[in-house]
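A quick write-up on the structure given underneath.
Number of protein chains: 2
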Amino acid sequence: MLARAVRIFEAFSPGETTLSVSEISRRAGLHISTTSRLVAELTGHGLLSRGPGRTVQIGLRLWELGLRASPTLTLRQVALPFLKDLTHLVGHHAQLSVLEGMDILFLERLSAPGAVVNLSRVAGRMPATATAPGVLLLAHADPERQEEALAGPLPTYTRRTIGDPDRLRSALAEARRNGFVTSPGWVEHVACGLAVPVREADGSPVAALSVIVPNDDRVFGFLPALRAVAMEIGLVLRRAHAEPDT
Amino acid sequence: MLARAVRIFEAFSPGETTLSVSEISRRAGLHISTTSRLVAELTGHGLLSRGPGRTVQIGLRLWELGLRASPTLTLRQVALPFLKDLTHLVGHHAQLSVLEGMDILFLERLSAPGAVVNLSRVAGRMPATATAPGVLLLAHADPERQEEALAGPLPTYTRRTIGDPDRLRSALAEARRNGFVTSPGWVEHVACGLAVPVREADGSPVAALSVIVPNDDRVFGFLPALRAVAMEIGLVLRRAHAEPDT
DNA sequence: CAGCGGAGTTTCATTCGACGGGAGTGCCCG
DNA sequence: CGGGCACTCCCGTCGAATGAAACTCCGCTG
């Protein structure tokens with residue numbers, strides 16, 4: 001069954017890339033014989049692969065399929081050089097992310113040496129309401145999704161993370177008004193995020209461009225540059241959309 | 247069934263990232279009602295997603311799962327800054343690839359503006375025997391895999407691509423002797439590949455580092471730099487392997 | 001060295017869910 | 001307006017997934 005296979009994949013987390021069969025069966029809540037059989041089958045398709053000893057890891061084929069045809073690829077490809085420049089400019093982290101359910105999903109993240117702490121990872125998730133790009137994208141999402149966020153739990157990292165619905169509501173309104181979001185100390189006391197939207201041809205935000213910098217009063221100084229880069233990425237994106245490939 | 251789901255994923259190619267349900271059913275050779283049901287189910291899991299109109303595309307979740315825990319991620323992450331430098335140095339393309347079956351699979355590819363033509367893509371495949379990194383990695387693979395390559399068909403791009411087993415055999419031997427492979431005009435007449443191995447702690451090559459440059463007599467001039475970079479990637483890789491994460 | 005226990009795979013009867021024919025729905029185009 | 005197409009839904013049949021249990025292969029321990 002398909003759902004079981006997905007459960008198996010989800011047993012792997014960014015921290016633990018290799019697991020044993022019994023470990024998988026425990027995490028996925030599957031019978032061990034089922035797990036064994038499914039792992040064998042998935043391995044046959046290259047979606048999983050066996051490492052040294054009895055370990056199992058995600059297979060190259062899954063990576064290949066996921067990357068090959070995803071609409072994400074274009075976005076990432078287009079944004080990469082801009083992110084590079086941005087990283088140099090701010091001297092810390094630059095990241096590109098999209099909204100997935102109630103989480104923010106990081107498509108790409110570049111860091112300069114000696115940058116402030118940053119919990120995000122490429123292909124990693126964080127609760128949308130706890131991050132600058134998350135609040136920004138949520139502010140432009142369907143009203144129903146916003147309601148869901150307001151109704152749901154609001155996980156916090158520090159005392160400054162948005163913890164109650166009222167504060168979230170005003171943060172969303174402010175995000176729409178300003179066109180950007182800052183997250184001073186939301187995740188780490190010493191760090192501050194700054195996020196702006198990357199817009200498609202129709203004006204709807206498809207992704208967030210953000211930087212993580214030290215949490216001091218120089219944060220807003222990066223805003224103009226960030227906006228300019230986001231605008232440019234949008235431009236190139238629309239051009240790439242019009243005439244695919246190269 | 248699982249095999250069917252994989253067939254569906256494989257219906258998507260790098261060129262065509264969005265398909266209709268009937269198109270998928272045709273390519274995957276599945277009954278349309280089966281396809282419809284499976285697509286719906288896969289969409290539910292986020293492995294596929296529906297675009298505008300009735301189009302279907304690869305879902306973000308597949309990308310996420312594939313990227314999140316793959317051993318590839320470390321390799322790519324480590325190599326990325328080195329590839330960037332290399333791209334600047336040679337002024338054309340730099341790529342990182344691994345051997346998958348009889349194909350070479352490109353993990354990362356960076357290009358300088360105005361570079362020579364290059365058919366490769368990130369997450370794309372090419373026949374191993376037709377490329378420099380492919381022949382290099384094949385030369386260090388199990389003997390049985392080499393035999394399979396020698397026995398199998400040898401697809402060619404130009405008249406200079408390796409087309410017969412004898413030439414392949416001597417190319418493999420030469421690759422082992424030299425520790426590098428050049429591919430003058432194998433894929434495009436005007437371009438030449440140059441590939442060296444990236445080695446693990448035990449000395450076995452895990453990937454190939456290669457550049458694509460114009461097909462003239464300056465090709466060998468890049469060899470020392472390429473070797474130095476490959477060595478350094480291997481070094482960092484071993485360190486990252488010893489103490490995971492950061 | 002025998003005996004234990006945990007991990008993994010294989011076997012097999014049961015049953016559950018996938019399959020695909022066919023009907024139904026909405027859409028485009030003549 | 002009516003035929004054709006793309007897609008989804010429904011449902012009886014049947015095949016394939018499931019999980020208990022048996023079996024194998026370790027490494028440990030008394």
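These protein sequence lines map, in sequence, to chains D and L.
Take the first sequence: its position 244, counting from 1, is numbered 244 in the working numbering, and each next residue is one higher.
Take the second sequence: its position 120, counting from 1, is numbered 366 in the working numbering, and each next residue is one higher.
Virtual Cβ for every residue (Gly too), placed ideally from N, Cα, C.
Within the same chain, Cβ atoms closer than 8 angstroms to the Cβ of residue 32 of chain D are found at 21, 22, 25, the five residues on either side in sequence being excluded. Residue 98 of chain D counts as buried, since at least 16 other C-beta atoms from the protein chains shown sit within 10 angstroms of its C-beta. Among the residues facing chain L, residue 77 of chain D is included, as its CB has a counterpart in that chain under 9 angstroms away.
Under the three-state reduction of DSSP, residue 117 of chain D is assigned to coil, being neither helix nor strand. At a cut-off of 9 angstroms between beta-carbon atoms, residue 88 of chain D makes no contact with chain L. A straight line joining the alpha-carbon of residue 289 of chain L with that of residue 66 of chain D spans about 14 angstroms.
Fully enclosed alpha helix (DSSP H) runs of no fewer than 4 residues occupy 278-290, 306-314 of the stretch 270-318 of chain L, in order along the chain. DSSP places residue 195 of chain D within a strand segment (E or B) once states are collapsed to three. Under the Cβ distance rule, residue 14 of chain D counts among the residues neighbouring chain L, one pair being separated by less than 9 angstroms. Shown here for residue 230 of chain D: same chain residues with a beta carbon closer than 8 angstroms to its own, the five before and five after excluded, namely 196, 197, 198, 199, 209 in chain order. At a beta-carbon threshold of 8 angstroms, the residues of chain L lying near residue 45 of chain D are 248, 249, 252, ordered along the chain. Judged by DSSP in its simplified three-state form, residue 1 of chain D adopts coil rather than helix or strand. Residues 51, 55, 56, 57 of the same chain have their beta carbon placed closer than 8 angstroms to that of residue 18 of chain D, with the five preceding and five following residues left out of the count. If you draw a 10 Å sphere on the C-beta of residue 226 of chain D, you find 16 or more other C-beta atoms in it, and that means buried. Within the stretch 362-378 of chain L, 367, 368, 369, 370, 371 place their CB atoms closer than 9 angstroms to a CB of chain D, listed in sequence order.
In terms of Cβ geometry, residue 295 of chain L and residue 306 of chain L form a close pair [threshold 9 angstroms]. The Cβ-Cβ distance between residue 338 of chain L and residue 366 of chain L does not fall below 9 angstroms. Contact of residue 407 of chain L with chain D is not assigned, every C-beta pair being separated by 9 angstroms or more. Per the coordinates, the alpha-carbon of residue 460 of chain L lies some 57 angstroms from the alpha-carbon of residue 153 of chain D. Taking a Cβ-Cβ cut-off of 8 angstroms, residue 186 of chain D has no neighbours in chain L, whose nearest Cβ is about 22 angstroms from it. Within the same chain, 99 come within 7 angstroms of residue 141 of chain D by CB-CB distance, once the 5 residues on both sides are set aside. The shortest C-alpha to C-alpha distance from residue 133 of chain D to any of D:35, D:206, D:28 is the one to D:206. When Cβ-Cβ separations below 9 angstroms define contact, residue 95 of chain D makes no contact with chain L. Against chain L, the CB of residue 207 of chain D has no partner CB under 9 angstroms away; the residue lies outside that interface. Taking a beta-carbon distance threshold of 9 angstroms, residue 255 of chain L counts as an interface residue toward chain D.
Classified as exposed, residue 155 of chain D has fewer than 16 neighbouring CB atoms from the shown chains inside 10 Å of its CB. Here residue 220 of chain D is exposed: its Cβ has fewer than 16 other Cβ atoms, across all protein chains shown, within 10 Å. Under DSSP, residue 264 of chain L forms a beta bridge with L:303. Comparing C-alpha distances from residue 259 of chain L to each of D:76, D:181, D:68 shows the shortest one belongs to D:68. Residue 109 of chain D: member of the beta strand (DSSP E) spanning 103-111, first to last residue.
DSSP lists L:341, L:441 as the bridge partner or partners of residue 456 of chain L.
Residues of chain L with a Cβ closer than 7 angstroms to the Cβ of residue 71 of chain D are, in chain order, 263, 303. An exposed status is given to residue 117 of chain D, since fewer than 16 other beta-carbon atoms sit within 10 Å of its beta-carbon. Distance from the CA atom of residue 247 of chain L to the CA atom of residue 130 of chain D, rounded to whole angstroms, is 39 angstroms.
Residue-level contact check: residue 21 of chain D does not touch chain L, since none of the beta carbons of chain L fall below 9 angstroms from its beta carbon. When rounded, the separation of the alpha-carbon atoms in residue 5 of chain D and residue 284 of chain L is 14 angstroms.
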